[in-house]
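Asker:
Residue numbers (our numbering): 855 to 1765.
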């Protein structure tokens, strides 16, 4: 930025010290409201100064971004890639401040993770540096926010160019011109962890109501700050834009047992889950751009034009002449042309840095299309997008391919596909609903993923020994947060192993309590690890621990991982991909851990993949494996709130098997039949009880609606049944079929089944009704007659859906609540003509199912405006006060939809 331009920005006038003092106040405030107040005061003063500085100027690019990128540095990982961690900063401070290497302050900085003294600041390098720097620094710094950003940008660019001398020069300027307090916050900005005690979402919401949503789609913090600088200007429509990165749609982890239910008992697609790098491709003629899932730009690697890059020159001709513009979503893979196979990500290559003359070649595997020739497709169904994708390009083997899909209907087909993926050493499978639409940055929403490691019993688990540790920081400060694990050299017969080879570093899978308990168990045995004099019993590669433990004092942990991959960082010559601790093996002695030979055997067994077993649909088909007998442990007695206690059913005698292996969750009973009584009776009939419903729960029993029952109803996962049904089962000693009179709430699949058996009043289509049941039906009819017109509209919509009438043009607006701008002051003839035309449009909307309201309020989905747009600004201002936003459309959208007998895309008609 030129000097004249820089002086015209707010950041060039605001002292960095002001931002730091604001951050200090935010951190020290205990109440969330107080934290928000401090941030809002700083933001408001910034905006006020901005308005004064740029008075009457349009298209000003100056914004709150220079401050926001320092407040949320974790969102600027690409622009603020300093390559500096706490240990490097400690060494730089020691060098720049000329501290004695063995002096007290130097050791404090270098050993910042090690607990010491009474202060609870172990692991917080910024605080420790603050106390070291305080007597050596200025009382108040002289830098502006603009200057700090320029110096930090200089550090980032010199880090990319690997020019350490210039990095030190920039850091020296920051140190000599900043106070200790400012440097405390600078350090936190550099390591991208401010510890403000307030979430990223809260910061966004205070800045602008639409800020979080815009950032989720664009991942561009500067664009968010620039476009939403004025809090009174809302974001009318967020969409996928050419050459602008957005966060892609993601898949949720699937439960194999619930797949059919999650797919609404309809057909679905199964695709191979590719093990590459998620990438989106944007194309406009001969201009290409590539973005990762986190919005990083990899165009330089893959090619901005057909004349450059590892991919674009090979795929440009695959697009027909009539496809000039498109956005594709897919996976960037490494393809071996000799074996004609894809390489797995754990192998020794980086798809983002592959060169053209590599033995492997870059291949883009496409599974979705989001734009073709400026027509946005995000709101089209997946089925429609697949049809469009088939004509978007011609596949080129090993360069540009379409991900193959199969259509399926059953859980068995899913299991077969997963087993086939295991046999092929693939990562897993994807399951997608054909009617799902593309929602950037949403997880699930019709997309599911299944990997072998998500399914119990499919992975080979490894029992390896903890030999080293790493001090934690943040919430884990003052304790071991990660562990170095190893396998043993096979000892001579009859002896215990004496040498161990490092295999992996693991820091996940356990709860905080488990981590704390493990820390207490090993605390007295940790010793400092000296790189120049390492222990003879533990052999390491380039990865060294901060502390070590003699093997005989350690414990074995059971590790689950995706695969074994080559690695020079560990002495074993390999490591584990995505390792996590499953449990502590208290039943095994330290010397019973795996050996190098065991690891090599697993590597050869399935090309390194740790999933080699098959999943079976039914328990009867499961091969009988010998189960490990665990040594019983003494359990600590912990008090439990009464309603969460499992009942003592040890004295209950089973009298029938009508509920054999059926799982119930009894929330509460009735005055005559309390909870414990119902649970005892269920046990007598062979059923078993859980205190919280899970995936195998048959139904929830509830005699009254308390807050727990209401929470279960809102989840829409379980059938909730009255105790009256159980009492009939007890009386008849049979499994009585459910009837509407027994049901408090039905999950979607049960509701669908009941719709085929009963009418809306609960009267069966097939079974004769007795007098009592008839009285209940009439009582239900009376309740239905008291419904409001809005309720009846829902009933009609449900009928249309059940009998497939909802595709009729006469019900196309059924789910809309519409407000028409009929009520503006009518001053002239043209206004009266327009009002008359809009009144006719209102009738057309009502005729085709819409609910037309005369008052603009919460719940309105669409506002229809004629030729007069004078009130649009008022509508937008009112919309910003609502939780659920309505869309403002031109009247032409209604007439176009009626003319074409289907709802038209709304974007071209938005105001």
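Note that the Cβ used here is the ideal one computed from N, Cα and C, for glycine as well.
Taking 9 Å as the threshold (C-beta atoms), are residue 1415 and residue 1464 in contact?
Answerer: Their beta carbons are under 9 Å apart, which means residue 1464 touches residue 1415 by this criterion.
Asker: Does the Cβ of residue 1535 have 16 or more other Cβ atoms within 10 Å, making it buried, or fewer, making it exposed?
Answerer: Classification for residue 1535: buried.
Asker: Which parts of the region 1542-1608 are runs of the beta strand (DSSP E), unbroken and 3 residues or longer, counting only runs that do not cross its ends?
Answerer: Whole beta strand (DSSP E) segments, 3+ residues: 1551-1556, 1597-1599.
Asker: In chain order, what are the residue ranges of uninterrupted beta strand (DSSP E) at least 3 long that sit wholly in the region 1348-1427?
Answerer: As far as the region 1348-1427 is concerned, its whole beta strand (DSSP E) runs of at least 3 residues are 1354-1360, 1410-1414, 1417-1420.
Asker: Rounded to whole angstroms, what's the CA-CA distance from residue 1519 to residue 1553? Just pull it up for me.
Answerer: Distance between the alpha carbons of residue 1519 and residue 1553 is about 7 Å.
Asker: If you count every other CB in all the chains shown that lies within 10 Å of the CB of residue 1180, and 16 or more means buried, which is it?
Answerer: Its Cβ being crowded by 16 or more others within 10 Å, residue 1180 is buried.
Asker: What first and last residue would you give for the alpha helix (DSSP H) that runs through residue 1056?
Answerer: That run of the alpha helix (DSSP H) goes 1054-1061.
Asker: CA-CA distance, residue 867 and residue 1036?
Answerer: When rounded, the distance between both Cα atoms is 17 Å.
Asker: Using the DSSP secondary-structure output, state which residues sit across from residue 1326 in a beta bridge.
Answerer: Partner(s): 1331.
Asker: Sort out for me which residues DSSP pairs residue 1719 with in a bridge.
Answerer: BP columns for residue 1719 point to 1744.
Asker: If you drop the 5 nearest sequence neighbours on each side, which residues of the same chain put their C-beta closer than 8 Å to that of residue 870?
Answerer: Excluding sequence neighbours, residue 870 sits near 995, 997, 998, 999, 1001, 1002, 1032, 1036.
Asker: Would you mind working out which of 911, 1328, 1102 sits nearest residue 940, comparing C-alpha positions?
Answerer: Out of 911, 1328, 1102, 1328 has the C-alpha closest to the C-alpha of residue 940.
Asker: Alpha carbon to alpha carbon, how far is residue 1398 from residue 1387? Give it in angstroms, no decimals.
Answerer: C-alpha separation (whole angstroms): 12 Å.
Asker: Measuring only the C-alpha atoms, how far is residue 1437 from residue 1368?
Answerer: The alpha-carbon atoms of residue 1437 and residue 1368 are separated by roughly 9 Å.
Asker: Start and end of the alpha helix (DSSP H) containing residue 900?
Answerer: Element bounds for residue 900: 886-907.
Asker: Taking 8 Å as the threshold, find out whether the region 1588-1600 comes into contact with the region 1521-1532 through three or more Cβ pairs.
Answerer: No contact exists between the region 1588-1600 and the region 1521-1532.
Asker: Expressed to the nearest angstrom, what Euclidean distance is found between the alpha-carbon atoms of residue 1481 and residue 1589?
Answerer: Any answer about residue 1481 is weak, because its pLDDT of 41 lies below 50 and its placement is not dependable; what the coordinates show is given next. When rounded, the distance between both Cα atoms is 34 Å.
Asker: Could you check whether the region 1151-1161 touches the region 1236-1246, counting it as contact only if at least three pairs of C-beta atoms, one from each stretch, sit closer than 8 Å?
Answerer: Because the criterion of three Cβ pairs below 8 Å is not met, the region 1151-1161 and the region 1236-1246 do not touch.
Asker: Using CA coordinates, which residue listed in 1389, 1361, 1725 is at the minimum distance from residue 1435?
Answerer: For the residues 1389, 1361, 1725, the minimum Cα distance to residue 1435 belongs to 1361.
Asker: Out of curiosity, what's the CA-to-CA distance linking residue 1303 and residue 1127?
Answerer: Approximately 8 Å between the Cα atoms of the pair.
Asker: Go ahead and label residue 1572 buried or exposed: buried means 16 or more other beta carbons lie within 10 angstroms of its beta carbon, across all protein chains shown.
Answerer: Buried, because 16 or more other Cβ atoms sit within 10 Å of the Cβ of residue 1572.
Asker: Examine the Cβ distances between the region 1167-1181 and the region 1136-1148 and report whether three or more of them are shorter than 8 Å.
Answerer: In short, these stretches touch, since the Cβ pair count reaches three.
Asker: Between the alpha carbons of residue 1370 and residue 1379, how many angstroms are there, rounded?
Answerer: Spanning the two alpha carbons is a distance of roughly 15 Å.
Asker: Using the three-state DSSP reduction, which class does residue 1463 fall into: helix, strand or coil?
Answerer: In the structure shown, residue 1463 sits in a strand (DSSP, three-state: E or B).
Asker: Distance, Cα to Cα, residue 1575 vs residue 1619?
Answerer: One C-alpha to the other measures close to 21 Å.
Asker: If you reduce the DSSP assignment to three classes, tell me which class residue 1448 lands in.
Answerer: It is coil, neither helix nor strand.
Asker: Is it buried or exposed for residue 1469, if we count other Cβ within 10 angstroms and need 16 for buried?
Answerer: Looking at its Cβ environment, which holds 16 or more other Cβ atoms inside 10 Å, residue 1469 is buried.
Asker: Residue 1254 and residue 1124: beta carbons closer than 9 Å?
Answerer: Not a contact, by the Cβ cut-off of 9 Å.
Asker: Over the uninterrupted beta strand (DSSP E) stretch that includes residue 1302, give me the two end residues.
Answerer: 1297-1304 is the span of the beta strand (DSSP E), which, as asked, contains residue 1302.
Asker: Using a threshold of 9 Å, state whether the C-beta atoms of residue 1538 and residue 967 are closer than that.
Answerer: No; because the gap between Cβ atoms is not below 9 Å, this pair is not in contact.
Asker: Could you pull out every residue in the same chain whose Cβ sits closer than 6 Å to the Cβ of residue 943, ignoring the five residues on either side in sequence?
Answerer: Excluding sequence neighbours, residue 943 sits near nothing in its chain.
Asker: Taking just the CA atoms, how far does residue 1694 sit from residue 1745?
Answerer: Taking the straight line from one Cα to the other gives about 11 Å.
Asker: When burial is assigned at 16 or more other CB atoms within 10 Å of the CB, is residue 1764 buried or exposed?
Answerer: So residue 1764 counts as exposed.
Asker: Return yes when the Cβ of residue 1713 is within less than 9 Å of the Cβ of residue 1332, no when it is not.
Answerer: Result no, Cβ atoms of residue 1332 and residue 1713 do not sit closer than 9 Å.
Asker: Mind checking whether residue 1516 and residue 1402 have CB atoms under 9 Å apart?
Answerer: Not closer than 9 Å, so no.
Asker: Closer than 7 Å by C-beta to residue 1721: which residues in its own chain qualify, once you throw out the five before and the five after it? Chain order, please.
Answerer: The answer, listed in chain order, is 1688.
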